[in-house]
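Positions 97 to 504 (my numbering) are the ones given, in order, by the sequence shown.
Glycine included, every Cβ here is placed at the ideal spot set by N, Cα and C.
Reviewing the structure listed below.
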Amino acid sequence: MNLILTLISVLIKLCFIYFIVFALSGLTKPFEKLPEAVSLRRFAVLLPVRNEEKVIAKLIESLNEADYPKDKLEIWVVLNNSSDRSGEIAASLGARVMNVDVPVHSKGDALRYALDKLSAREDIDAYAVFDTDNVVDPGFFREMNKRLEAGKNIIQGRRIGKNAAENVLTGCYEIFYTMQNVYFNHARSSMGRSGSLNGTAWVVRKSWIDENGFDMKTMTEDLELTAIAALKGEHIGYAHEAVSYDEYPSRIRVSLRQLLRWSVGQVQCMKHYSAKLTKKFLKTGSLSSLNIDLVFLAPVLIVTFAVISLIFALVPAEPYRFPFVPPDEVLALAAATAFYALCYAARLKCGRDVKIPILSNAAFPFFLIMWLPLMVRSLFMKDIEWRPVVHDHAVSIDDIENKRKEAK
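The structure is reproduced here in structure tokens:
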């Protein structure tokens, strides 16, 4: 029994080592820079909105200030379950308002409604999706247009916190997304593999949606679309210079609610797609399928590893010792050292142009540990109510850019 448990533990460790080794290419390869595109494509910008009157004006103002022809950007506010002045404010700033008149249980439902409504439009080349608390860098659409011209069908932009310096928690979110940008999206995209979508600031070619549809079944439409893309052999690109600024949760209670929803959506994706992704990897050797499959399986792998470690700690038995393998204490120290080094290296890679509280660096492991009980809980939850996070940081793109310049 000790040998079997040890083998399972070793396999899980190898999965994490695989991620680390794959991630290191994100440090060695430069961020992709493409020449200016010959053609300027028309974007339909989709903004799913639910009671966002405090922040929606700044988002639309930033889109109106984009360094891109105004006749090539069409802003659509997808109004769902909303009871405030969001639609009125959006219309006053030139956005088009689409009222969703069917039941909406998730952001994916709202997006599907909008995509269905716009499907007959032949003058739209691509869709861009943002959360309403975002503000968008002026160069976002030019950078995305370059990648569409280079042949990419789905592209994820860079997500930065507009309130990253607010407190230790928001600083932890900034570290998390910096590492995701560098070690997952950039690393895989630069190696010709698929990155992943992370909720906002992504673009998809309309013809791809017309061909493949947008029938999302889970709470996390971004992860689900990433899985579907992998199954269809589509590599999601990453545009580091296509920047949007996101509002991070600044209170633990709100953060826990958000993280639980993410965890439930991740488990939903695991149930719907892991078997298909595993089959795709075994049949074709698709590393993109393996990568997202391991992401979906992470709650199971982490919980299993924790249980095995607890068994060895409580039961009077030693794990099987393989020859030439260092003791777990040595491996744990090495892993902790490597973890902090990778955190710091990712920040350096991005230029450290976003200020965060110093204590966020020390608190980041505890931010990740905070996920563990939520992962366990999500394994036994069938569904969760889609409850919006309240956003109230109404800042302009100019304010954010000035802060970034000061941080350099």
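Reference residue i; option with closest CA among the options
| i | options | result |
| --- | --- | --- |
| K129 | G267, N308 and S285 | S285 |
| R146 | P469, L159, E184 and A140 | E184 |
| Q354 | R301, M315 and N277 | M315 |
| F280 | D495, G190, S121 and H201 | S121 |
| A283 | N308, R349, D163 and H331 | H331 |
| T102 | T433, F408 and L464 | F408 |
| A224 | F237, A437, V411 and A216 | F237 |
| A153 | L99, A186, S135 and I465 | A186 |
| I493 | D229, T400 and K213 | D229 |
| N457 | D495, A261 and A402 | A261 |
| L88 | M275, I496 and L327 | There is no way to answer for residue 88, as the model of the chain reaches only from 97 to 504. |
| P453 | A133, L397 and N263 | N263 |
| A434 | F112, S105, L107 and M287 | F112 |
| I250 | N308, K166, L214 and N259 | N308 |
| A490 | K313, M312, L393 and K150 | K150 |
Where residue i falls: helix, strand or coil (DSSP)
| i | result |
| --- | --- |
| A256 | For the sequence presented, residue 256 should be read as Ile rather than Ala. In the structure shown, I256 sits in a strand (DSSP, three-state: E or B). |
| G204 | helix |
| R243 | helix |
| S346 | coil |
| V151 | coil |
| Y334 | strand |
| Y341 | strand |
| A222 | strand |
| N263 | coil |
| L130 | coil |
| I452 | coil |
Whether residue i touches residue j by CB criterion (7 angstroms)
| i | j | result |
| --- | --- | --- |
| A338 | G253 | yes |
| S191 | V200 | In the sequence as presented, Ser is not what sits at residue 191; that position holds Ala. It is not a contact, given that the beta carbons lie outside the stated cut-off. |
| C365 | L319 | yes |
| R243 | S384 | no |
| A323 | I388 | yes |
| L211 | I305 | yes |
| G333 | K248 | yes |
Rounded distance between the beta-carbons of residue j and residue i, thought under 8 angstroms
| i | j | result |
| --- | --- | --- |
| P144 | V117 | Not quite, the Cβ-Cβ distance comes to about 37 angstroms (not below 8 angstroms), so this is no contact. |
| I348 | L438 | Rounded, the Cβ-Cβ distance is 25 angstroms, inconsistent with contact. |
| Y273 | R301 | Not confirmed; about 24 angstroms, so no contact. |
| L352 | L468 | About 12 angstroms separates the two Cβ atoms, so there is no contact after all. |
| M240 | A335 | 6 angstroms |
*Any contact of the segment 331 to 347 with the segment 292 to 299, i.e. 3+ C-beta pairs under 8 angstroms?*
Three or more beta-carbon pairs separated by less than 8 angstroms link the segment 331 to 347 to the segment 292 to 299, which places the two stretches in contact.
*Is there contact between the segment 123 to 141 and the segment 170 to 190, where contact requires at least three CB pairs shorter than 8 angstroms?*
Yes: the two stretches touch, three or more of their Cβ pairs being nearer than 8 angstroms.
*Touching or not, the segment 227 to 242 and the segment 151 to 161, by the rule of three or more beta carbon pairs under 8 angstroms?*
Cβ pair count under 8 angstroms is three or more, so yes.
*asked:* Quick check: the segment 442 to 458 against the segment 359 to 376, are at least 3 beta-carbon pairs closer than 8 angstroms?
replied: Counting Cβ pairs under 8 angstroms, fewer than three are found: no touch.
_Below 8 angstroms, how does it come out for the segment 357 to 365 and the segment 461 to 476: are there three or more Cβ pairs, yes or no?_
Contact holds: three or more Cβ-Cβ distances are below 8 angstroms.
*Indicate whether the contact test is met: 3 or more Cβ pairs, each with one atom in the segment 449 to 464 and one in the segment 264 to 271, closer than 8 angstroms.*
Counting Cβ pairs under 8 angstroms, three or more are found: they touch.
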